[in-house]
Each structure stands twice: as C-alpha cells, then as structure tokens.
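Residue numbers (my numbering): 4 to 271.
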C-alpha cells in the first residue's frame, strides 16, 4: 500500500463556505431530470467511498470501518461518527483514511482528517487529500413517507471485497430516536444519554442494510439526491435497546441534519 499523501491545508474550508453561501450545500450538479436507476448507480459510485483507518503497524494496514460519501467541494466526506477509530494521541502511526473509486476503475487510498463530529446524531464530517471527487447533492427537503430510495455501501465490508452494492426500498416512516422502554433494565448507557439529550427525527426505511452499509447515502431514486445517511449502529442500538432481538428495521439520519453539520463547520 503506498504511503499516504499529506492532507491539504485547511484553507479549502473557504470553498465550502462559499458553496454554502450560494445554497449549494451538497455541491455537485444534480441531474436535470430523473435518471434510470442503473444510471443513478453508475454516477453515485464515484462519490461513495470506503472509510477506515491506516496503521503502519496494522495488518492489513488499511482497516475497513464503514461507507461514506463525498459532498461539498468534493473534498468533504459524510459518514457515521460511531465508525471512526478511537482517538489515541499516542498512536501517531494510525490515522483516518478513505479509499475513493477512480475513473480508471480502481481504489485509491487518501489520507483524511476529522473536521466535525456530532455523536448525538451519529454524524461525522471528514476532509480528504488529493483532487476533488464528484460530490452528491443533499436534498433540500425531508423525503415524505413512500419515497422510493436506494442504499449504497459495502455490505459485510472487506469480507466480500469493496464492491459498491445497492439495495432498494422506501421511506416507511418518520420516527424518533428516543423511545420509552417498557422495561428500564433494557436501556443501554447510550440510550440513557440519548433520552437525556432529547429526541430527534430520523427516517425509518423498508430496506435491508448490513454491516458495511453504515455511513452510506440514502438516495431518492426520482431526484438522485441524498435524503439520508444510513445509520447502522448507535441509533439502532438506542431505539431497540429494550428488545431481546433486533427487528431488522433500517434507520437513517435525514439529510437536513447532515446539512446543518456542514453549515456549522463552514461558519468556523
């Protein structure tokens, strides 16, 4: 694996701020008309990345964590906060890293750094080095129930290789992340923290997702825009903490929440 290149200077933030000021929160030109699903998948692949860690002492050196997708000026990546490796200042040999799919049809390793985290809503914003990558557009409005959606990610991660995989479904409901448990003993520490911090809305999807899909985009099939960030761990663990077995329901953080994270970072 080639050595990682140094990250660009933080001055690139100004490009994102200008993009936000013009109302282009998601960057990237969206399609003028609805695309057939095969074309949407082919276009989105360039924007969906592999998120992981790169350790000089690790074997393999790149460790898979989750999916993510490019937004903004083509150098920002949205993913889940819970999938990022724990911060260990004494481990200078391990960093956050991202693999992007090139036009030549191969994976390219990029170094990355964390720009912002929102653990409560399980979102993280990264910045990658190298040339810009085609960005996906965040939807300006929440997707109503019944919206046809497609999920893209890397189910089971490197167990079957880094292959972009797409699943179809619909937005089945809008729900709250904080739900009362019938038995208080079923509440995990994470659930207790979420109840204390307050509820927020999230999308419930009638679509199957697997480990490795976390952090990937939820695409509106009709518009081609991102309507949510797939959430496969913390939210599910909070909502289903009182259950003895998982329900298989898939959740996603709405694009409006992700847009707020980008806007907050751009103000800094």
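All C-beta atoms in this analysis are idealised placements derived from N, C-alpha and C, irrespective of residue type, glycine included. Predicted model only: the values in this text are computed from it and were never measured.
TODO: For residue 62, count neighbouring C-beta atoms within 10 Å of its own C-beta (all shown protein chains included) and say buried if the count is 16 or more, exposed if not.
DONE: With fewer than 16 other Cβ atoms from the protein chains shown falling within 10 Å of its own Cβ, residue 62 counts as exposed.
TODO: With a threshold of 16 other CB atoms inside 10 Å of the CB of residue 267, please say whether the residue is buried or exposed.
DONE: exposed
Open item on the list: Check for me: the alpha helix (DSSP H) holding residue 260 runs from which residue to which?
Closed with: 258–269
- [ ] Just the C-alpha distance for residue 269 and residue 149, rounded to the nearest angstrom, thanks.
- [x] 33 Å
- [ ] From the DSSP output, in three-state form, read off residue 170 for me.
- [x] Look at residue 170 here: in three-state DSSP terms it is strand.
Task: Status (buried if at least 16 other CB within 10 Å, exposed otherwise) for residue 166 - done: Here residue 166 is exposed: its Cβ has fewer than 16 other Cβ atoms, across all protein chains shown, within 10 Å.
Open item on the list: DSSP three-state label for residue 138, please.
Closed with: coil
- [ ] Report the option in 74, 41, 208 whose CA atom is closest to the CA atom of residue 52.
- [x] 74
TODO: Given a cut-off of 7 Å, decide if residue 221 and residue 173 are closer than it, judged by their beta-carbon atoms.
DONE: It is not a contact, given that the beta carbons lie outside the stated cut-off.
Open item on the list: Using the Cβ count rule (16 or more neighbours within 10 Å means buried), how would you classify residue 59?
Closed with: Residue 59 comes out exposed.
Task: For residue 87 and residue 260, the rounded distance between their alpha carbons - done: 19 Å
Task: Chain-order list of residues whose beta-carbon lies under 6 Å from that of residue 43 (same chain, five-residue window excluded) - done: The residues are 227.
Task: Best match in 211, 271, 204, 210 for proximity to residue 258 [C-alpha to C-alpha] - done: 204
Task: Residue range of the beta strand (DSSP E) that includes residue 44 - done: Not the beta strand (DSSP E): residue 44 falls in the alpha helix (DSSP H), residues 40–48.
TODO: Give the secondary structure of residue 220 by DSSP, where H, G and I count as helix, E and B as strand, and everything else as coil.
DONE: strand
Task: C-alpha distance - residue 178 paired with residue 109, whole-angstrom precision - done: 39 Å
Open item on the list: Quick check: the Cα distance between residue 168 and residue 162, rounded to an integer number of angstroms?
Closed with: 13 Å
TODO: Could you check the C-alpha separation between residue 123 and residue 40 for me, to the nearest Å?
DONE: 33 Å
- [ ] Evaluate the contact criterion for the segment 126–133 versus the segment 204–214: three or more CB pairs, one atom per stretch, below 8 Å.
- [x] no
TODO: Name the residue from 263, 69, 97 whose alpha carbon lies nearest to the alpha carbon of residue 159.
DONE: 69
Task: Own chain, CB closer than 6 Å to residue 171, minus 5 neighbours either side, in chain order - done: 153
Open item on the list: Do residue 81 and residue 232 have their beta-carbon atoms positioned less than 7 Å apart in this structure?
Closed with: yes
- [ ] Could you name the residues of the same chain whose beta carbon sits closer than 7 Å to that of residue 48, not counting the 5 residues immediately before and after it, in chain order?
- [x] 104, 167
- [ ] With DSSP as the reference, label residue 123 as helix, strand or coil.
- [x] Reduced to three states, the DSSP call for residue 123 is helix.
Task: Nearest-angstrom Cα separation, counted from residue 262 out to residue 37 - done: 23 Å
Task: Backbone CA spacing between residue 115 and residue 66 [nearest angstrom] - done: 14 Å
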